[in-house]
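Take a look at the structure below.
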């Protein structure tokens, strides 16, 4: 074992997490839903679980309140939060009243949108992010009692990140997993938040040094002095290179508890290919040089799960070793949060072997490559993409630029004159997709008329499972059984 793993802060994952051979990846907005993750966590093998998607949870929960919260599950979870944090009881009640529509809004009525604000989110957004993330974890724990459950965050969505992490800590998440950005500060963030200590996140703002602008969060200003220290969730860093893993593991303050090592065939955001090769349409092409050196990762001595193209059937491991994270196979299962008609269209195209998935070099406003499934009627359809009005009204993936003493957010999927007129590079505009609205639509929570965007990874295992079952659709349990050769 490398000597740096015997440093001041030893890394030990709880046995319940180490024993997990299969993880469901935290996909999209609400694709890795409560129903999906808890269904897999309850698999009879006891060797599976997954990560809930924490992306835009404040938007998800306020929109579900506007749909009426028909089973009362959100309000029940909010009540559990208030029991833990009575100092926020009045705020949670006020915000619930502000968004809850008994019986649900009219189908053609727009959702009341959130305003994430400028550099630091407004207090109401902070509270909504905390309570929504808490509620999501709390509900998962209720649905899969005694089973470990994680939460997936997108590092690139910086401004609400500390508040989401705090909600995950309060909710009792067993682990946090994070990619699409530098994860080096996350272990320290989690330890400080578990102690309710002041935490500062240096913002990435174009043209200025990192740290000149920060999001500062003092939990005690919201929750008061009474809360005891909480358990610190384990942290798994999503990486694409053994060099990144070695760098994080070398320092006590940056060392995660484990890794998810993601290959280029994984869905969602990806690191760009080493050679920056593109096809005739400008989409990235990956090669063998883009695969991580898993032997070098194993030599670090920390546990890891391999992701991207790992959905082939194989028996459960009998010894602790590298596990695997699987996304696309579960994303298209019955329990996933994907909007049902979109899911069925994708399954039909895979059944007919007519679905193409491309690595869009410019698709994500984040600057990372992004896998797009070319489903007719979605933003992967060139006609739909061309007709959509360019507007940025959720703003999670806006890049920040200084403006006086403050910062402004710019998105290449926004109205082009607004983006370029505020300093955005013209070359970023072509192909840029509004992932915020598109991913909300993909889970059935989009504004009326907003087209969905579907991201998938390797789809061949989906077709193999369809062939085995002799039908297009399948459950999470059937997908889990397929993965372990049953």
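Numbering (our numbering), first residue to last: 3 to 488.
By construction, the Cβ of each residue, glycine as well, lies at the ideal position given by its N, Cα and C atoms.
Since this is a predicted model, take the numbers as computed values, not measurements.
If you draw a straight line from the Cα of residue 461 to the Cα of residue 171, it is about 34 angstroms long.
Across the set 430, 396 and 475, the C-alpha of 396 shows the shortest separation from the C-alpha of residue 452.
By the beta-carbon neighbour count (other beta carbons within 10 angstroms, threshold 16), residue 117 is exposed. With fewer than 16 other beta carbons inside 10 angstroms of its own, residue 245 counts as exposed.
Note on geometry: alpha-carbon atoms of residue 403 and residue 437 lie some 20 angstroms from one another. Every unbroken stretch of the alpha helix (DSSP H) spanning 4 or more residues and falling wholly within the segment 28 to 111 is given here in chain order: 36 to 43, 59 to 68, 75 to 86 and 91 to 101. Across the set 137, 159 and 98, the C-alpha of 159 shows the shortest separation from the C-alpha of residue 121.
Nearest Cα to residue 433 within the set 53, 286, 39 and 67: 286.
Leaving aside the five residues that flank residue 292 on each side, the residues in its chain whose CB is nearer than 7 angstroms to its CB run, in chain order, 266, 275 and 276.
Here residue 177 is buried. Its C-beta has 16 or more other C-beta atoms within 10 Å.
In terms of CA proximity to residue 86, 231 leads the group 231, 163, 337 and 332. The alpha carbon of residue 459 has as its nearest neighbour, out of 268, 263 and 225, the alpha carbon of 268. Looking at the backbone, the Cα of residue 445 and that of residue 341 are separated by about 5 angstroms.
In the three-state reduction of the DSSP assignment, residue 198 falls in the coil class. Rounded to the nearest whole angstrom, the CA to CA distance from residue 36 to residue 431 is 35 angstroms. Take residue 142, set aside five residues on each side of it, and the residues of its chain with a beta-carbon closer than 7 angstroms to its own are 36, 39, 40, 54 and 151, in chain order. When only Cα atoms are considered, residue 358 and residue 443 end up about 20 angstroms apart. Under the three-state reduction of DSSP output, residue 119 falls in the coil class, being neither helix nor strand. Nearest C-alpha to residue 162 among 304, 75 and 217: 217.
Between the segment 345 to 355 and the segment 467 to 483, the count of Cβ pairs shorter than 8 angstroms is three or higher; the stretches touch. Distances from the CA of residue 234 to each of 418, 222, 30 and 197 were compared; the closest alpha carbon is that of 197. Closest in C-alpha terms to residue 238, from the list 154, 420, 392 and 56, comes 154. Residue 299 is not a Cβ neighbour of residue 236, given a cutoff of 9 angstroms. In this structure the segment 45 to 54 lies against the segment 479 to 487, because at least three pairs of beta carbons, one per stretch, are closer than 8 angstroms. The beta carbon of residue 280 lies closer than 7 angstroms to those of 286, 287 and 363 in the same chain, with the five residues before and after it left out. One alpha carbon belongs to residue 391, the other to residue 425, and they sit about 21 angstroms apart. Taken through DSSP and simplified to helix, strand or coil, residue 317 comes out as coil.
In the assembly as shown, residue 366 is a buried residue. Its beta-carbon has 16 or more other beta-carbons within 10 Å.
Contact between residue 132 and residue 168 holds, since their C-beta atoms are separated by about 5 angstroms, short of 8 angstroms.
Taken through DSSP and simplified to helix, strand or coil, residue 452 comes out as coil. Excluding residues up to 5 positions away in sequence, 352 lie with their Cβ nearer than 6 angstroms to the Cβ of residue 465 in the same chain. CA-CA distance, residue 307 to residue 329, rounds to 12 angstroms. Between residue 114 and the set 415, 336, 368 and 448, the nearest pair of CA atoms involves 448. Three or more beta-carbon pairs separated by less than 8 angstroms link the segment 68 to 76 to the segment 102 to 110, which places the two stretches in contact. Apart from the 5 residues on each side of it in sequence, residue 18 sits with its Cβ closer than 6 angstroms to the Cβ of 150 in its chain, given in chain order. By the neighbour-count criterion, in which 16 or more other beta carbons inside 10 Å mark a residue as buried, residue 337 falls on the buried side.
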